[in-house]
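Each residue of the sequence shown is one higher than the last, beginning at 1 in the UniProt record's numbering.
First up is the structure itself, then whatever we jot down about it.
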Amino acid sequence: MTQSLDAALASRFAATALGHVTREYPNHIMHVLTGPQDARTPRDMHPIFFGSFDWHSCVHGWWTLFTLYRLHPDMAEAPAIRALAAELFTPQNVAGEAAYLARPEARGFERPYGWAWLLMLAAELERHETDEGRRWAQTLRPLAQVFADRFKAFLPLADYPVRTGTHYNTAFTLRLTLDYADAHDADLAALCRAAALRWHGEDRDCQAWEPSQDEFLSPALMEAALMRRVLSPEAFRAWFDAFLPRLGDGRPATLLSPARVSDRTDGKIAHLDGLNLSRGWCWREIVAGLPAEDPRRAVGAAATAVHLDAALPHVTGDYMGEHWLASFALLALLAD
1 MTQSLDAALA
11 SRFAATALGH
21 VTREYPNHIM
31 HVLTGPQDAR
41 TPRDMHPIFF
51 GSFDWHSCVH
61 GWWTLFTLYR
71 LHPDMAEAPA
81 IRALAAELFT
91 PQNVAGEAAY
101 LARPEARGFE
111 RPYGWAWLLM
121 LAAELERHET
131 DEGRRWAQTL
141 RPLAQVFADR
151 FKAFLPLADY
161 PVRTGTHYNT
171 AFTLRLTLDY
181 ADAHDADLAA
191 LCRAAALRWH
201 GEDRDCQAWE
211 PSQDEFLSPA
221 LMEAALMRRV
231 LSPEAFRAWF
241 DAFLPRLGDG
251 RPATLLSPAR
261 VSDRTDGKIA
271 HLDGLNLSRG
281 WCWREIVAGL
291 PAEDPRRAVG
301 AAATAVHLDA
311 ALPHVTGDYM
321 GEHWLASFAL
331 LALLAD
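In structure tokens, the structure reads:
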């Protein structure tokens with residue numbers, strides 16, 4: 001399979017996302033009930049992001065659609081994307097999403113993974129230059145502000161990083177959030193950079209005890225991709241030399257070989273396809289931060305290719321993967 005986003009692949013990913021962003025069931029909800037009155041359906045609680053099996057996957061399903069629409073505005077799926085966005089991305093529906101978040105029990109709702117993806121979605125819409133794109137961006141801004149404010153309240157309280165390879169990984173959170181904050185919120189960007197340096201600035205000699213059985217992020221490579229974004233080129237190279245000092249010798253070998261996915265109908269095991277895609281994304285970003293003559297560029301480029309070859313054919317095929325994997329494929333294919 002091609003390792004670039006051509007028109008055919010964009011159309012395939014768009015058709016897949018259109019098939020799940022309004023698919024309400026099955027649905028894994030993250031919801032605290034204080035009494036029987038709180039037993040509600042996904043669409044009642046979340047008038048925009050009620051599909052895609054869970055709230056965060058629906059958010060980044062829409063990021064996928066809007067990104068593909070911007071890059072390939074003439075694809076066959078474009079009219080359907082426009083029509084569905086016009087129906088769902090309304091001030092009333094955004095207010096409904098914000099009202100759910102105003103519940104005291106929702107303080108930790110989707111923290112931090114969904115927070116970061118919502119800001120990533122907002123950053124994507126702000127790139128659109130059409131009148132409709134500007135309307136969508138303006139409509140979403142109040143919800144983006146809710147999550148930016150939540151990050152500003154939370155990051156000063158977060159003394160420690162979370163290094164797991166699942167939704168709670170804080171390096172992934174900061175890396176995505178910086179796409180929004182660098183362009184639209186200088187105070188949040190400063191908080192993200194301070195947290196990254198506080199958590200990871202002194203990390204050395206990473207042992208890379210991965211993968212775990214249901215990871216979709218590499219704790220080691222995600223941290224390196226974040227630090228490449230946070231540090232100057234010279235500072236990143238010095239940090240990376242100390243973080244993975246034996247990479248030139250092919251170690252840790254686990255970071256260079258794709259994970260095996262034994263059952264793609266199992267939602268947790270299918271996470272490993274996402275791990276392979278996100279490793280490809282991280283390797284591309286890391287390689288871009290190394291000097292042209294650095295031999296580790298070849299190591300990273302080879303690792304990128306083998307991970308994407310292993311995962312891209314499986315982005316669609318079973319709902320346990322296809323309700324979210326296209327987003328991670330796009331992260332990898334568009335990385336630089």
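Every residue gets a Cβ at the ideal spot worked out from N, C-alpha and C, and that includes glycine.
- In this structure, methionine 120 lies near tryptophan 63, with their beta-carbon atoms less than 8 Å apart.
- Taking 8 Å as the cut-off, the Cβ atoms of leucine 65 and leucine 18 count as close.
- Boundaries of the alpha helix (DSSP H) harbouring serine 327: 325-333, taken from the DSSP string.
- Of the candidates His128, Ala122 and Pro161, the residue whose Cα lies closest to the Cα of alanine 144 is Ala122.
- From the listed residues Ala303, Arg198, Gly250 and Ser52, the smallest Cα separation to glutamine 207 is found for Gly250.
- Counting along the chain, the unbroken alpha helix (DSSP H) around isoleucine 286 starts and ends at 271-288.
- Annotated as distal: glutamate 129 and alanine 183, with beta-carbon spacing of 8 Å or more.
- Between threonine 177 and alanine 116, the gap from beta carbon to beta carbon is short of 8 Å.
- Per DSSP, valine 306 is one residue of the alpha helix (DSSP H) stretching across 296-311.
- Phenylalanine 109 carries a coil assignment under DSSP once its states are collapsed to helix, strand and coil.
- DSSP, read as helix, strand or coil, puts cysteine 206 in coil.
- Contact between the stretch 268-284 and the stretch 252-259 is present: 3 or more CB-CB pairs across the two stretches fall below 8 Å.
- Short of 6 Å from the beta carbon of alanine 335, and not among the five residues preceding or following it, lie these beta carbons of its own chain, in chain order: Trp281, Arg284 and Glu285.
- Of all alpha-carbon atoms in Thr304, Tyr160 and Asp149, the one lying nearest the alpha-carbon of alanine 189 is that of Asp149.
- The Cβ neighbour count for alanine 253, taken over all protein chains shown within 10 Å, is under 16; the residue is labelled exposed.
- Of the candidates Leu155, Phe243, Ser278 and Glu293, Ser278 places its Cα closest to the Cα of valine 306.
- In this structure, the CA atom of alanine 326 is about 14 Å from the CA atom of phenylalanine 53.
- The alpha carbon of proline 142 has as its nearest neighbour, out of Glu110, Pro91 and Ala106, the alpha carbon of Pro91.
- Annotation for glycine 133: the continuous alpha helix (DSSP H) segment containing it runs 131-154.
- If you look at valine 94, you'll find it in the alpha helix (DSSP H) that goes 91-101.
- Per the C-alpha coordinates, the member of Gly108, Gly321, Leu312 and Gly317 positioned closest to glutamine 3 is Leu312.
- Cα atoms of phenylalanine 147 and arginine 198: separation of roughly 22 Å, rounded to the nearest angstrom.
- Taking phenylalanine 49 as reference, the option from Gln138, Leu157, Arg175 and Glu97 with the minimal CA-CA separation is Glu97.
- Rounded to whole angstroms, alanine 171 and phenylalanine 154 show a C-alpha spacing of 15 Å.
- Distance from valine 59 to leucine 101 at the Cβ level is roughly 13 Å; contact not present, criterion being Cβ atoms closer than 8 Å.
- Here the alpha carbon of leucine 5 sits roughly 8 Å from the alpha carbon of leucine 330.
- Taking C-beta separations shorter than 8 Å and ignoring five residues to either side along the sequence, the partners of threonine 265 in its chain run Asp318 and Met320, following chain order.
- Counting every other CB atom within 10 Å of its CB across the protein chains shown gives valine 32 a total below 16, marking it as exposed.
- Nearest to glutamine 213 by C-alpha distance, out of Glu110, Pro36 and Gly267, is Gly267.
- Counting along the chain, the unbroken alpha helix (DSSP H) around proline 79 starts and ends at 78-88.
- Taking every protein chain shown into account, the CB of glutamate 77 has 16 or more other CB atoms within 10 angstroms, so this residue is buried.
- Shown here, leucine 255 sits in a helix according to DSSP, grouped into three states.
- If you check the CB distance, serine 218 and leucine 255 come in under 8 Å.
- DSSP, reduced to helix, strand and coil, places alanine 15 within a helical segment of the structure shown.
- In this structure, the beta-carbon distance from phenylalanine 151 to leucine 191 falls below 8 Å.
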